[in-house]
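Here the protein sequences come in this chain order: P and R. Counting in this note's numbering, the first sequence tops out at residue 349, every number present. Counting in this note's numbering, the second sequence tops out at residue 327, every number present. The beta carbon of each residue, even a glycine, is placed where N, CA and C say it ideally should be.
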Amino acid sequence: MSSSDKPISAPPAERRLTIAKAMSEAIGQEMERDSSIILLGEDIGRMGGVFGTTTGLFDQFGKDRVKDTPISETAFIGAAVGMAAGGMRPIVELMFVDFFGVCMDAIYNLAAKQSYFSGGKVSCPMVLMTSVGGGYGDAGQHSQCLYATFGHLPGMKVVMPSNAHDAKGLMLSAIRDDNPVIFMFHKALQGMGWLGTIAGSITDTPDDDYVVPIGKANIVREGRDVTLVGLGATVHHGLEAATRLADASIEAEVIDLRTIAPLDRQTIIQSVSKTGRLLVVDDDYLSFGVGAEVIASVCETGAGPLKCPPQRIAHPDIPIPFSPVLEHFVLPDAKKIEQAVLSMMKDEK
Amino acid sequence: MSSNENKRLWMYANMVKSRHFEDLIKPAYFEGKSPVFNMAKGPIPGEMHLSDGQEPCAVGICAHLREDDVVTATHRPHHIAIAKGVDINAMTAEIFGKKGGLAGGRGGHMHLFDPAVNFSCSGIIAQGLGPAVGAAMAAKLSGSDAVAVAFLGEGAANQGAFHEALNLASVWKAPVVFVIEDNSYGISVSKSDCTAVERNAVRAISYDMPGHHVAKNDPDAISEIAGEAIRYARNGQGPSLIEIETSRLEGHFMGDPEGYRPDGEVDRLRELDPIPKYRARLLADGFEEADLESAEQDARNIVERAFSFARENQYPEPEEAYDHVFV
Ligand SMILES: Cc1ncc(C[n+]2csc(CCOP(=O)(O)OP(=O)(O)O)c2C)c(N)n1
Ligand SMILES: [Mg+2]
């Protein structure tokens, strides 16, 4: 930019945060406001969380409220449910969603059923935060997403931000919710120095208190020709594809789900009613997945008329491979989205 | 050389091999990751957990193992894989994500499987304990005197699977040995901050099995106890637990800033590096300098050949991602 085309008035000061910073800021602000909040997890104390979700909170709130746990997930997640029933609001981190296998019972059979089994008398205001996603060569036990697994099981809300603004607002909603909320954060968006970060995830994030409601999707780009539904990293892939498609005069509408459960079917159906085309993109395993649920929701309502069969892109039904040549071959990306849309546009009814 | 001398030289050579392996991993891992460290980049992406300092645990135990004995290891597996005799060319190629890797590049460094020598490892804490009990029972029920060994970190001893596996092994009198490599940390959390007992060896009492504590990160001391525990298992007397006080000289994974370490800890630990210490002891015990040098040279050559093999090996075809989901 030459000096002559500099804007005359400076733009309003932005607070561009990473998702990691936005999460720890939200947790810290809420802990100041609400003394019933306690933080539990592995390496969330002095280290501030392997993914930077609790940076500075140990120093600020001390070891009684920010507790490093043993590698005993069944025990500390079970304990969090007990704390929640006892009037506290635990926020628990379990580093990678891949690790949930060792403690799944405490989540889907315990936390998720407290309310139902007590006829609504016992609540479970607990946030369980965990990282998801691959693309950086960490192989099949450190790269999974498992959106559908958690979305499938009743009694839990499941959210995942695609940017820092939403991360803070969703975290505040999650903490204030009286039900268990699984808060997923995507490693490709987290903003950790040692992991590559998709730039679009770093956004202006207000300092003050605001919420992004659970159960509300967000239209992040408007368009008339095709609806692209994504979440987390695939929102950014969708936006990148949409930019390229615009060069071919195809206007894609991009929806960021933000919440997996409960799914905002309304926003999707409205969009598809306008565009007549639907492509769902996520990086979880394909079958029985987010794509299947979104497409079924649209088909069930007879939204449309659909101009071509709805499509989905996801990770195939195989474990996530280590070798980058294998992993990048199977992961969704902007190019795959672009190609899918181009062929959908040809595939007119 | 006596068989004991042979064993000691073997242990030394395998520690050197393992350390040299990690020493070649380090620059290879940082290729493409500087000046900006990004785990996704370079010929070896993903997490990398090095075993520097923990070599005595691997050699002291594996010195007593046969090919048909089963070993399950952890996310920090290289030293154990090497001591168990895993095909080092295929192991290195696996870590580089190549077609000639143990699993054709599907698994990577935390998922090294070599059924030819009955070795496997995993990225989930304490996952290897159940399979070790099962492997031990498979041997026992088929009339073999093979045993199984499950390695774990001290952090993993707080995992439910540890306690369940020890109880089950004891109930079944399974020929299995549980080996805790106590390097004082689980990532950033020190053992004392998250473990109810000072010594994990005492936990064996709850499961009515012998619990051994080895205070020295020393191959001879470990080998002595390992010999006893493995004989005990082979003779059909049942499981035991060995806890070894070892040290991790590197970060939890490569790129770990290690802010949780007290000042000067790594320097202190490096002064106690078990490999030069063992070398000095062997010399004091009458080993010839020339024999040690030739063992070192052989070990390094093997590792260097493995890295050349891995680098020259081709990548899998992308479509190969779909193979082997089922057998
Ligand atoms: C079930 C499960 N929980 C958490 C983790 C994350 N994690 C990986 S290594 C590690 C620490 C393990 O400590 P330790 O068992 O002492 O082994 P070390 O790394 O010291 O060799 C943790 C918590 C995991 N891989 N699996
Ligand atoms: Mg440890």
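- With a threshold of 7 angstroms between beta carbons, P/Met129 makes no contact with chain R.
- The Cβ atoms of P/Val220 and P/Val254 lie closer than 7 angstroms to each other.
- The region 151-209 of chain R contains, as complete beta strand (DSSP E) runs of 3+ residues, the segments 176-182 (chain order).
- Within chain P, the residues Asp138, His142 have their CB atoms less than 8 angstroms from the CB of R/Glu47, given in chain order.
- Under the Cβ distance rule, P/Ser297 does not count among the residues neighbouring chain R, no pair being separated by less than 7 angstroms.
- The region 61-72 of chain R makes no contact with the region 275-289 of chain R, as fewer than three CB pairs between them are under 8 angstroms.
- Segment contact: the region 84-91 of chain R against the region 252-259 of chain R, fewer than three CB-CB distances shorter than 8 angstroms; contact not assigned.
- When the beta-carbon positions are compared, P/Ile37 and P/Glu93 stay at least 7 angstroms from each other.
- Listed by position along the chain, the residues with Cβ atoms less than 6 angstroms from a non-hydrogen atom of ligand 2 are R/Gly153, R/Glu154, R/Gly155, R/Asn183, R/Tyr185, R/Gly186.
- In the DSSP assignment, the residues bridged to P/Met129 are P/Glu93, P/Phe183.
- Put simply, the backbone Cα of P/Arg258 is about 9 angstroms away from that of P/Gly230.
- For P/Ile37, the uninterrupted beta strand (DSSP E) run begins and ends at 37-41, by DSSP.
- Per the Cβ contact rule, the region 279-299 of chain P is not in contact with the region 174-181 of chain P (fewer than 3 Cβ pairs under 8 angstroms).
- For P/Leu189, the closest alpha carbon among the candidates P/Ala22, P/Gln29, P/Ser162 is that of P/Ser162.
- If you draw a 10 Å sphere on the C-beta of R/Gln297, you find fewer than 16 other C-beta atoms in it, and that means exposed.
- Annotation for R/Ile44: no beta strand (DSSP E) segment contains it, and DSSP assigns it neither H nor E.
- Look at the beta carbons and you see the region 134-149 of chain P touching the region 323-343 of chain P: at least three pairs across the two are nearer than 8 angstroms.
- Ranked by how close their Cα comes to the Cα of P/Thr243, the residues P/Gly62, P/Lys335, P/Asp209 have P/Lys335 in first place.
- Cβ atoms of P/Thr267 and P/Asp225 stay farther apart than 8 angstroms, at about 18 angstroms.
- Contact between the region 169-184 of chain R and the region 228-247 of chain R is present: three or more C-beta pairs spanning the two stretches fall below 8 angstroms.
- Burial check for R/His324: the Cβ neighbour count within 10 Å stays below 16, so the residue is exposed.
- For R/His75, the Cβ falls inside the 6 angstroms cut-off from some heavy atom of ligand 1.
- For P/Gln114, the number of other beta carbons within 10 angstroms of its own is at least 16, and it is reported as buried.
- P/Phe99 has its CB nearer than 6 angstroms to a heavy atom of ligand 1.
- Considering only P/Gly119, P/Thr69, P/Lys216, P/Thr234, the residue with the shortest C-alpha distance to P/Ser201 is P/Thr234.
- Listed in chain order, the non-local C-beta contacts of P/Ile260 below 6 angstroms within the same chain comprise Tyr147, Gly151, Val158, local neighbours out to five positions each way being set aside.
- Closest option to R/Tyr207, judged by alpha-carbon separation, among R/Gly105, R/Pro219, R/Val171, R/Gln237: R/Val171.
- Taking a Cβ-Cβ cut-off of 7 angstroms, P/Thr234 has no neighbours in chain R, whose nearest Cβ is about 17 angstroms from it.
- Membership of R/Tyr29 in the alpha helix (DSSP H) is indicated by the continuous run 3-30.
- Put simply, the CB of P/Thr74 is near chain R, with a gap under 7 angstroms to one of its CB atoms.
- Collapsing the DSSP output to three states places P/Leu228 in a strand.
- Closest in alpha carbon position to R/Pro239, among R/Asn158, R/Ala132, R/Gly155, R/Glu304, is R/Ala132.
- According to the DSSP secondary-structure assignment, R/Leu241 is paired through a beta bridge with R/Phe178, R/Gly211.
- In the three-state scheme derived from DSSP, where H, G and I count as helix and E and B as strand, R/Ser223 is classed as helix.
- Bounds of any alpha helix (DSSP H) do not take in P/Tyr285; it lies within the beta strand (DSSP E) bounded by 278-285.
- Per DSSP, reduced to three states, the secondary structure at P/Lys67 is strand.
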